[in-house]
Amino acid sequence: MDAPGLADLWVAELGRLVARAAHELNNALNGAAMNLEVVRLRAVAGRDAGAVAPFAAAAVAEQEQMAALAGAIVALGRTPRVGHPADVREALGHTATLLGAVVRHHGVTIDGVTGDPAPTAAPAHAARLAVAWALGLAAEAARGAQTADAGDRSGVVGCKLVADGNGSRGAALTVAPRPAPYPAVPDDPVPAVLAAHGIQAAADGVALRLTFPAP
Amino acid sequence: MPQKLLIADDEQKSVVPLTAILEAEGYTVDAAADGQKALDMLNGPAGQDYAVALVDQNMPKLDGMSLLTELRQRQHPVQVIVITGAGSVDLAVEAMRQGAYDFLEKPINLAKLKALIPKALERAQLQQKNAELETRLETYTKFGEMVGQSEPMQAIYQMIDRVAPSNASVLIFGESGTGKELVAHALHKKSERAKGPFFALNCAALPKEILENELFGHEKGAFTGSTNEKPGAFEMASGGTIFLDEVAEMSPDIQVKLLRALESRMVRRLGGKKEIPVDIRIVAATNKNMEKAIADGELREDLFYRLAVVELDLPPLRERGGDVLLIAKEFLTRFAKQNGKKLDGFDDAARDWINTYPWPGNVRELKNAVEKAVIMARGPKVTIDDLASRRHRSTGEYAAAVSVPVGATLAEARRQLVLKTFAASNGDFARTAKTVGIPVAEVRAELQALLERRGGGDAGAAAGDDGAGRAEEGGDAEPPPVALPPDAEAPGVKPAKPPARARKGA
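Those protein sequences? They're chains H and V, same order as listed.
The opening position of the first sequence corresponds to residue 1 in the numbering used here, with each subsequent residue numbered one higher.
The opening position of the second sequence corresponds to residue 1001 in the numbering used here, with each subsequent residue numbered one higher.
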C-alpha cells in the first residue's frame, strides 16, 4: 500500500478539525437559540428593556461565533487560488479559531495568533497541514499536563510566527505548549510529507519549530 | 420532595438563558461551571434537594459521562439528562446504560426538554418515595443485625431497647443458631458502652486453662512459656461488654473466679498479685436447661443469679412465623451479591419448603442452606433442589412439608397431609394411615378422589416409587397418580410398580 500523500493527510486532518468544531457550532447554535427564546419570552410591552438586551446581545455574539467557526472551516477547505502563495498566518488564524473553541473546554487557550501575513512557496494544503498538525499536538500536550496536575492551572499553546519581510528566508512558526513541553515529533508520515514540500519540523524538547520555504 | 434543577455546563452563554427559561417555567435552578463543581454540589449538604440534573457531556475537570458514573456509584437519586453538542449513537447508548434519564443533543429542543423535566421529576419523586418506604420497612423488619418482624421478635426488640441502657447482666436463652450473639451485640450497640469494646468468648470451645487465661490474662512467667504479660478479656473489654456464650459449660473453678469478678469488679491476672479494676457489663448465653444444670451441679446457683439479672428468651426459628422467609431473602440477597449472581428470589416450592421445614439448626442452618443454594442455583430462581441438602432428603424432611394457605378448608388441609405423607412414605398405605391417624380406607379414598379429579380414576395409570421426590420437584403438594391394588387396605401393602408406558406418561 502506498504511503499517504499530502492530499490524504490534509483531508484527514481537516476532517478531524471539523468534527471537533461541529460540537462548537452546535454549542453556539444552542446559545443563540436559548438567548433568542428568552428574548421572545421577555419582549412584551411594558417589560424593562434591560431584562431583554443582554440576551439579545448574547444571541448576536453566538451567531458571530457560529459565523467565525463556519468561516474558518470554509477557508481551510477552500481550493488554493492559482498564482497566489499560501499564507501561514492565515492558516494559523483559521486553525486557532477552530481548535481554540474546542480545547477551551479543557482549560487550554491558544495564544500569540497575531502577526503579519507570512507567504510561503509551500503548497497551501501543506502549510495548512503543518499548522493544524503542530497545534493539535501542542493542544493535546497542554491538556494532558493540565489534567495530570489536576489543579486549576490553565494550559496554553503559545504561538510565535516570524514572517520574513523581504521573503528571502521564508516564515518560521514556533509552537510551545505550557506547562508541558512539546512532545517528541511523533513517528507518523506527516513530517516526511511536509519535508517533501519544503517544510521542516524540528522539536527541541520545549517547542516545535516549523520553517516554511520563502515564496 | 426535591424540585430543584441543576445545570452542569461550562458554556455560560447557554447556561444563563436556559436558567432564565426554566425559571420562567417555575423551577428553581442552580448552575455548576464544570463536572467537579456539579459533583461537589450534588454531594454537598443540599445535594439531595436536586431532583434533576442537566449535564453537558463536554466539561472541564469531569465530563458528563464521568459525572453520571460517579453519581450512580454513589447511588445519588438525581435524574440525569445528558446534553451534548456532538451527539452519537454510541454516546447516547452508553449514557442510558449508565443510568441517564434521557439524552439530548444541542441545539436543545426546548419543547422536548420542557416535556422531559416533569417526567424526570416524577421519577425522582417516585424513587424517593420507594427509598423512604424501604427505609421504613427496614426499620420495621430489622433491629441491628437481626432480621424479623414476628411477634416474638418484636417482644425481643422491645426488651433489648429497655434493657440495653442499664448495666444489668443479661442471660440469653435460646437454641443453637438462634442468634444469641447478635442479641448481645445489639445490647452493646444500644448501650452507653457502644463506643467501648465488645468481646465475645465461647466458653465451650476453649479448654479450661486457655479460657481462664483468655478471661483474666496472665503475668510474665505465670506459667511455662509465658514470656510476656497478657491482659485478659475483662481488662481489654473494660468500658465495654463481654459476651460469654455457652456459659454453663464453664468449669466450676472458673465459675468461682467469674463470680468474684462480677461482684467485686476487680480481676487478678494468672500469676499476678494486684487487683485490677474493670468496668464491664456481662451478657451471657446458654442453650442449656439452667435449672437442671444447677441441680446437676454444673452451674453455681449464685453465679446464675448474678448473670441472670435480666433473662431473655430467644425463640427458635420455627416459632417465628413469616420471619423465616424474610431472613432467607436477606441471606439470598447477601450471598447472591457475594457470589456475583443475579437471582430473582425463591420459586414457589422452595418458598413453601422454607416456610414449613422446622429448621432445627435455626438461623445458622437457614443461612448455610441459602448460601449453598445460591452457589448451586442455575436458573433465575432458587429451587427446592438447590436448597435441600442430602440430609434433608435422606431423613424425609425434604418431602415432609405441607403448606396450607389461610382460607383453605379442613378437608383440603387433611387431603394435603394425607397425600404428602403417602408420598413421603414411599407409597405405603399402612404407614400413611398410621402416621396420619386415620383408617387405610380413608387414605385410599383420598387417593381415589385425586385420581378422579385428574379425570382418570384409572387404576392402571400409575406412578413410580419416586413419587415423593417428583411431586416436590414440580412444586405440587399432590403425589403423582398411583395404582390402587385391590388389597390395598391390607397393612404394609405398597402400590404396584406401574408399567413403563404409564410411568412415562405420568
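A virtual CB, placed ideally from N, CA and C, is assigned to each residue, including glycine.
Quick caveat, the model's predicted, so the values are computed rather than measured.
Check: From V:Ala1194, V:Gly1272, V:Pro1315, V:Val1015, pick the residue whose C-alpha is nearest to that of V:Glu1229; which is it?
Finding: V:Gly1272
Item checked: V:Gly1099 to V:Glu1070 span [Cα, whole Å] -> 11 Å
Next item on the list: Determine, using beta-carbon pairs with one atom in the region 1213-1229 of chain V and one in the region 1169-1177 of chain V, whether at least three such pairs fall under 8 Å.
Entry: no
Check: Which residues in the same chain have their Cβ closer than 7 Å to the Cβ of V:Tyr1305, if we skip the five residues on either side of it in sequence?
Finding: none
Checklist line | Separation of V:Ala1377 from H:Met34, as counted between CA atoms | finding: 55 Å
Item checked: Residue range of the unbroken alpha helix (DSSP H) whose run includes V:Val1093 -> 1089-1097
Notebook entry, point to check: In terms of residue numbering, what span does the alpha helix (DSSP H) encompassing H:Asp62 cover?
Noted result: With the sequence shown as reference, residue 62 of chain H is identified as Glu, and Asp is not the correct amino acid for it. Per DSSP, H:Glu62 belongs to the alpha helix (DSSP H) from 53-77.
Next item on the list: Please report the residue range of the beta strand (DSSP E) in which V:Asn1362 lies.
Entry: It is not in any beta strand (DSSP E) - V:Asn1362 instead sits in the alpha helix (DSSP H) that spans 1362-1376.
Next item on the list: Would you please state the rounded distance, in angstroms, between the beta carbons of H:Thr120 and H:Val88? I believe it to be under 8 Å.
Entry: 6 Å
Note to self: Give me the chain V residues within the contact set of H:Leu41, using Cβ-Cβ distance strictly less than 9 Å, ordered along the chain.
What the structure shows: Ala1020, Ile1021, Ala1024
Item checked: Of the listed residues V:Leu1314, V:Ile1280, V:Ala1233, V:Gln1048, nearest to V:Tyr1157 (C-alpha basis) -> V:Leu1314
Checklist line | C-alpha distance - H:Leu69 paired with H:Thr97, whole-angstrom precision | finding: 7 Å
Next item on the list: Establish whether the CB of H:Leu14 and some CB of chain V are separated by less than 7 Å.
Entry: no
Check: With 16 as the cutoff for other CB atoms within 10 Å, does V:Met1096 come out buried or exposed?
Finding: exposed
Notebook entry, point to check: So which residues of chain V does H:Gly31 contact, with C-beta pairs closer than 8 Å?
Noted result: Glu1011, Lys1013, Ser1014, Pro1017
Margin query: For V:Lys1329, tell me which candidate among V:Pro1358, V:Leu1366, V:Ile1294 has the shortest Cα-Cα distance.
Written below: V:Leu1366
Next item on the list: Can you tell me which of the three DSSP states V:Arg1123 falls into?
Entry: helix
Notebook entry, point to check: From V:Ala1388, V:Thr1383, V:Glu1301, pick the residue whose C-alpha is nearest to that of V:Ala1369; which is it?
Noted result: V:Ala1388
Next item on the list: Classify H:Glu13 as buried or exposed, calling it buried when 16 or more other Cβ atoms lie within 10 Å of its own Cβ.
Entry: buried
Next item on the list: Helix, strand or coil for H:Asn30, going by three-state DSSP, please let me know.
Entry: helix
Check: Going straight from the alpha carbon of V:Arg1444 to that of V:Lys1337, what length do you get?
Finding: 48 Å
Next item on the list: May I ask you to report which of helix, strand or coil DSSP gives V:Thr1241?
Entry: strand
Next item on the list: Could you tell me whether the region 196-208 of chain H touches the region 171-184 of chain H, where touching means 3 or more Cβ pairs closer than 8 Å?
Entry: yes
Note to self: Please state the DSSP three-state secondary structure of V:Leu1262.
What the structure shows: helix
Next item on the list: Return the residues of the region 98-114 of chain H that lie within a Cβ-Cβ distance of less than 9 Å from chain V, sorted by chain order.
Entry: Val102, Arg104, His105, His106, Gly107
Check: Can you give the Cα-Cα distance for V:Arg1162 and V:Ala1168, rounded to whole angstroms?
Finding: 11 Å
Margin query: So for V:Met1146, helix, strand or coil by DSSP?
Written below: strand
Margin query: Once the 5 residues before and after V:Gln1127 are set aside, which same chain residues still bring their CB inside 7 Å of it?
Written below: Pro1077
Note to self: Check for me: the alpha helix (DSSP H) holding V:Ile1384 runs from which residue to which?
What the structure shows: 1384-1387
Next item on the list: Tell me whether V:Pro1017 sits in a helix, a strand or coil according to DSSP, three-state version.
Entry: helix
Notebook entry, point to check: Does DSSP put V:Lys1381 in a helix, a strand or coil?
Noted result: coil
Margin query: How far does the alpha helix (DSSP H) with V:Val1247 in it extend, from its first residue to its last?
Written below: Where V:Val1247 is concerned, there is no enclosing alpha helix (DSSP H), given that its DSSP letter is neither H nor E.
Check: Interface residues of chain V around H:Glu140 at Cβ under 8 Å?
Finding: Result: empty, since nearest Cβ-Cβ is about 15 Å, beyond 8 Å.
Check: Identify the residues that DSSP records as bridge partners of V:Ile1081: which are they?
Finding: V:Leu1054, V:Asp1102
Margin query: Helix, strand or coil, according to DSSP, for V:Asn1167 in the structure here?
Written below: coil
Next item on the list: Taking only beta carbons into account, state which residues of the region 1035-1055 of chain V come closer than 7 Å to chain H, listed in chain order.
Entry: none
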